[in-house]
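Number of protein chains: 2
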Amino acid sequence: MNLGANYLEDGRCEFLVWAPQADRMELKISGPPDQLLPMQRRERGYWRAVVEEVTPGTRYRYRIDGEKERPDPASYDQPEGVHGPSQIVDHRRFAWEDGKWHGMALSEMVIYEVHVGTFTPQGTFDAVIPRLKELHELGITAIEIMPVASFPGERGWGYDGTYPFAVQNSYGGPEGLKRLIQACHREGMAVVLDVVYNHLGPEGNYLWDYGPYFTDRYRTPWGEAVNFDGAYSDEVRRYFTQNALHWFKNYHVDALRLDAVHAIYDFSAKPFLQELAEQVHEFSLGNSRNCLLIAESALNNARIIRPPEIGGYGLDAQWSDDFHHALHTLLTGEDLEYYIDYGHTGDLVKAYREGFVYDGRYSHYQRRRFGASSADRPGHQFVVSSQNHDQVGNRMLGDRLITLAGFEGAKVAAAATILSPFVPLLFMGEEYAEEAPFPYFVHLGDPDLVAAVREGRREEFSSFHHTGEPPDPQSETTRESAVLNWEDRHEGRHRAMRDFYRELLRLRRAHSVFSRQEKENMEGFGLESQKLIWLRRWQGAREVLCLLNFSEKVAECAFPGRRGPWRKLLDSSEGQWYGPGSELPDRVEGKCRLKMAPRSCVYYDLE
Amino acid sequence: MNLGANYLEDGRCEFLVWAPQADRMELKISGPPDQLLPMQRRERGYWRAVVEEVTPGTRYRYRIDGEKERPDPASYDQPEGVHGPSQIVDHRRFAWEDGKWHGMALSEMVIYEVHVGTFTPQGTFDAVIPRLKELHELGITAIEIMPVASFPGERGWGYDGTYPFAVQNSYGGPEGLKRLIQACHREGMAVVLDVVYNHLGPEGNYLWDYGPYFTDRYRTPWGEAVNFDGAYSDEVRRYFTQNALHWFKNYHVDALRLDAVHAIYDFSAKPFLQELAEQVHEFSLGNSRNCLLIAESALNNARIIRPPEIGGYGLDAQWSDDFHHALHTLLTGEDLEYYIDYGHTGDLVKAYREGFVYDGRYSHYQRRRFGASSADRPGHQFVVSSQNHDQVGNRMLGDRLITLAGFEGAKVAAAATILSPFVPLLFMGEEYAEEAPFPYFVHLGDPDLVAAVREGRREEFSSFHHTGEPPDPQSETTRESAVLNWEDRHEGRHRAMRDFYRELLRLRRAHSVFSRQEKENMEGFGLESQKLIWLRRWQGAREVLCLLNFSEKVAECAFPGRRGPWRKLLDSSEGQWYGPGSELPDRVEGKCRLKMAPRSCVYYDLE
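Residue numbers (the working numbering), protein chains in the order written: chain G, 210 to 816; chain P, 210 to 816.
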């Protein structure tokens, strides 16, 4: 039985809601005239009603114990926002044409993270569609959509959603999202959807009235933790596992990105994440479609991506923040907050070879030893990026890497990420050197909450040694500042950056050293004094030497490859990529000294 | 470097204490005259002082930031109680004579749980010693000592200790414990020590003044959780891992029983328990002594006892509450609180064959699916009992199983436990049918705490459908009521019970079906309508049929064994065990009907 309002085979609509502590539940269907229908109690705290004649688009609420009228926790649509009634959606009606689409393996993915509200001036799903073809031609194979579950107001990042089954109306609602996914699949692109299972937003969260969805046994940074291991947690888990399956079933998404799983507090013998993975993979097998789960995790614990046979939870992949931080600090020299733990060339080499940098090493930021080794996990289980909504947006001004590391630095970052043995993720716009910031913004209705968010942002950055004030998160202009300047992509250095990305993505596909994510076939070394890294990578008889110069000076070094001859594959400092020009030879045979431009990278292929 | 006050090779005494947030630390040595010595700051928040001439028995405190004078968190002795000064102990002085003792394998252990304060009228370690020989001759191979870390007052269970490295003075202090352990080893018996790492008691807990030992991110039933995974947790972990090693090194204990590990909240990638197991096993290897860790865990998660290679934490064994509850409910018919989840013959059969009964099954008590399978773990990794301090003492009146299930029932319980494929644990006195209760008692100094504990006990049992009041936990007579009536053991049914235990323990050692803890070589069945269980167990060519009748009626059934002939090994209803007499044949060949006395068990051996 599915939660929410679902049409049965015979056209009747079944309403199912979990309210284990209620004595009476009624379904109130909006009229005119309004109808109040009794619901029947089912086992384990569920309540059910079946309605004969009700059309999609009808609005409804539940009435709890004859008193509170509340939207459906599993509402598919909140057309009037988070405080309004729920609306019936008939998911069978959408004309899917992607029957031949069977999903995508992680190893094929190049992910492009999109915030629907700022990717285009319109800020809608439909407005994304015309841009897909170009992205695909560039080499992007998957779109990752930041959370769309209904959140308060007209704009926001989406992580404070309160209707995990619904789709933000200002983006275009359920139909809009389906059209976008349909278009992606038509284009041959996969869709990753960002979902938040660690908390629900504070505004418009009526789950408290229904049942013990939350627990006070643990604390999260965002309020009370979801009840994943206490009394009644089976049904709380079911709410979220059904949610995951809902996106795969009704929206044909290909993967879910699970937000901040480190805030899913769960000490049970069979953790929620493991149960979720089992159910999603069972669905995947049963439907001959690749359905994947990718976790954002700050635990540095590869247990979550190991198979259950060796004690893992069986998720498919996870983000590697260590990779980002190691790369970011080499490019920016930043050392505040968590960046204090990175900044050495050896960190990035370790990230390349093992995944996690912090594998039990002492973290000065956390003031404890942190993490455990992930060296046993294959490269395709890690999603890496040189920037993403978090790393950009959590800065006071939301500045992108290009603002911090410059054009040449951004090219090194792109190469380091795309030609890594991991799954690369691009943040929308980085491919053409977009400079619009991505600051934090909300659109809350509750003035107390608005004040709290403003104060929170101010406080956060008072400790970050910043001068100035963060942009007002509630202001419409803050969102507007984040809208991409998409037309720029054809011009000058923007165009050169796109060409560079295209070439990187082509190499990643075409060159066997890059096309397989085998981090084992690699050796590397960091020349700390020069901020220079070299990596030797191989696949069968093929071999590539990668040199990355992160310093702002010319780097001089002996060519680290043996044998030869070597042919230059890619050189970021060349004029064709809008670089300052290169002094590196096209071909190397025998001993040779290299002189690399500041912030540049070069790749040599063994002939 | 060791925490606490430790003599160096050259006879000087080194004081080491962790106080990461202090600006100044001083060592105050009690005189006359008192001496105040400065301490030097070391890395990671430690402070050190070395004193030239100071004798064992000298008392001291630390002075924090020139203000608070506090006992040592790693004090080895608190001769004036939890609020008094710490006292220097020279652990090198004890004349150990157990150089040939190398510990004991779990498979050899038959554990006898002792509460030092009530095992004898004197309530001391020394008073235990004269009883060891007799216990060993009965077949007991290991003594488990309830917590001895210094706790408030003169009496208590010991779970609210506040000096994990010290030894309760009213029991006889450090020397007393060493003498007891020496005597055990001389007798050929191992020692298991119960230690509490999940919280510290509320009275006499000065750790707050020293550093972030606790966290408010999680809640325990007993107050704030220990900080095992937050900032500074490396040193908090070190405090407890050093504590474990302290008992193995300075006291020659053979195993630690880790109290309630489910209240050790820890989401780190390398959990504290895994780190503890590594360090203890490293010590074990380095010293050619078997040093073991046995967890009390309510998680039903075999991960904690799996080896790290398959994702486990590597502890050696754990208690199986499921076994107890399944057995207890069959014998008593109780169904309140957590007993609601048990009571079927199939539960006990499952416990025998797999370890955990709750392996993901829905628990009505917990209102969620609970646990994961432990079927892959060998029998010697589970410690089972038909009663223990918790199961007896957590009852309002502290009544033992014999009070609830009667003499015949207690014999069935003994057989079920001792002839299980697990490590049996006996609660002191059960071997001679002791009837003294074991109620909860304390001896606190703080009147508010006394009132809170009294109220807590009253509240706890108001919900347990009890009539009457629990005994006053603070009263001396409550402790006195728990003192064993040791002299009874020679008389009548008490003596018969001892003889029965002796025979069970002999069978466990001598019969190859029982001497190996192979729960795989077993099939079983519960006849629910008759409350009868039969188990067939084998080892090589040997085979035993076990029949347990839990009902209060005569049970009639066909002899469930094939082939034959079968010879009766043991029959609890026989007169020699003070039973009502048996109608069961000594020998069975071919088909046969059995008529088992109420609450009885019989074991047949394939000839």
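Just so it is clear, CB atoms sit at the ideal spot from N, CA and C, and this is done for glycine as well.
Expected contact under 8 Å - CB spacing of residue i and residue j to nearest Å
i, j, result
"leucine 545 (chain P)", "serine 594 (chain P)", "Contact doesn't hold; Cβ gap of about 20 Å is too wide."
"arginine 515 (chain G)", "glycine 520 (chain P)", "7 Å"
"methionine 731 (chain P)", "arginine 562 (chain P)", "6 Å"
"leucine 714 (chain G)", "valine 319 (chain G)", "6 Å"
"arginine 577 (chain G)", "serine 442 (chain P)", "5 Å"
"arginine 279 (chain G)", "arginine 270 (chain G)", "6 Å"
"lysine 728 (chain G)", "proline 630 (chain G)", "4 Å"
"cysteine 222 (chain P)", "alanine 214 (chain P)", "6 Å"
"proline 769 (chain P)", "leucine 754 (chain P)", "7 Å"
"phenylalanine 360 (chain P)", "valine 291 (chain P)", "7 Å"
Of the listed residues the options, nearest to residue i (C-alpha basis)
i, options, result
"aspartate 286 (chain G)", "G:Tyr368, G:Pro330, G:Tyr380, G:His311", "G:Tyr380"
"methionine 637 (chain G)", "G:Ile352, G:Pro229, G:Leu212", "G:Ile352"
"glycine 312 (chain P)", "P:Leu714, P:Lys458, P:Asn758", "P:Lys458"
"tyrosine 422 (chain G)", "G:Arg428, G:Gly413, G:Glu412, G:Glu433", "G:Glu433"
"histidine 461 (chain G)", "G:Arg301, G:Pro265, G:Ser781", "G:Arg301"
"proline 789 (chain G)", "G:Arg802, G:Asp795, G:Ser809", "G:Ser809"
"glutamate 505 (chain P)", "P:Arg250, P:Gln600, P:Trp305", "P:Gln600"
"alanine 705 (chain P)", "P:Arg717, P:Gly665, P:Glu783", "P:Glu783"
"alanine 766 (chain P)", "P:Val621, P:Arg802, P:Gly749", "First, the amino acid is wrong: residue 766 (chain P) is cysteine here, not alanine. When each option's Cα is compared against that of cysteine 766 (chain P), the closest is P:Arg802."
"leucine 756 (chain P)", "P:Gly733, P:Gln748, P:Arg364, P:Ala750", "P:Gly733"
"alanine 453 (chain G)", "G:Asp418, G:Glu491, G:Asp425, G:Glu617", "G:Glu491"
"aspartate 335 (chain G)", "G:Ala619, G:Leu386, G:Tyr812, G:Ser724", "G:Leu386"
"arginine 466 (chain P)", "P:Gly410, P:Arg446, P:Asp525", "P:Asp525"
Exposure of residue i, with buried meaning 16 or more beta-carbon neighbours within 10 Å
i, result
"alanine 314 (chain P)", "exposed"
"lysine 277 (chain P)", "exposed"
"methionine 210 (chain G)", "exposed"
"valine 722 (chain G)", "buried"
"threonine 538 (chain G)", "buried"
"glycine 495 (chain G)", "exposed"
"serine 671 (chain P)", "exposed"
"valine 763 (chain G)", "exposed"
"tryptophan 456 (chain G)", "buried"
"serine 738 (chain P)", "exposed"
Neighbour list for residue i in chain G, Cβ cutoff strictly below 9 Å
i, result
"isoleucine 519 (chain P)", "Glu518, Ile519, Gly520"
"arginine 718 (chain P)", "Result: empty, since nearest Cβ-Cβ is about 34 Å, beyond 9 Å."
"arginine 512 (chain P)", "Ala478, Gly520"
Under 7 Å from the C-beta of residue i: neighbouring residues of chain G
i, result
"glycine 523 (chain P)", "Here the premise fails: no neighbours, minimum Cβ distance about 11 Å."
"alanine 440 (chain P)", "Gln575, Arg576, Arg577"
"alanine 581 (chain P)", "Ala478, Lys479"
"tyrosine 255 (chain P)", "Going along chain G, no residue has its Cβ under 7 Å from tyrosine 255 (chain P), so there is no contact; the nearest lies around 14 Å."
Contacts of residue i in chain P (Cβ-Cβ under 9 Å)
i, result
"aspartate 443 (chain G)", "Tyr571, Arg576, Arg577, Arg578"
"leucine 508 (chain G)", "Phe476, Ser477, Ala478"
"arginine 586 (chain G)", "What arginine 586 (chain G) touches in chain P: nothing, since even the nearest Cβ is about 13 Å away."
Partner residues on chain P for residue i, Cβ-Cβ distance less than 8 Å
i, result
"asparagine 832 (chain G)", "Past the boundaries of the shown model lies residue 832 (chain G); chain G is included only from 210 to 816, so the question cannot be answered."
"arginine 562 (chain G)", "Result: empty, since nearest Cβ-Cβ is about 18 Å, beyond 8 Å."
"arginine 515 (chain G)", "Gly520"
Proximal residues of chain P, C-beta to C-beta of residue i below 7 Å
i, result
"threonine 428 (chain G)", "The amino acid occupying residue 428 (chain G) in the given sequence is arginine; threonine does not appear at that position. Under the 7 Å cutoff, chain P gives Arg426."
* Is the region 343-363 of chain G in contact with the region 401-408 of chain G, if contact means three or more CB pairs nearer than 8 Å? -> yes
* To do: Check whether the region 551-558 of chain G touches the region 483-502 of chain G, counting contact only when three or more Cβ pairs, one atom from each stretch, lie closer than 8 Å.
  => no
* Between the region 675-691 of chain G and the region 639-656 of chain G, are three or more C-beta pairs nearer than 8 Å? -> yes
* Scan the region 445-456 of chain G for residues whose Cβ lies nearer than 7 Å to a Cβ of chain A and list them as they occur along the chain. => Annotation note: the requested chain A is absent from the structure, which comprises protein chains G and P.
* Given 8 Å as the limit, is there contact between the region 253-264 of chain G and the region 361-375 of chain G, that is, 3 or more CB pairs closer than that? -> no
* Within the chosen definition, does the region 223-242 of chain P reach the region 267-282 of chain P through at least 3 CB pairs nearer than 8 Å? -> yes
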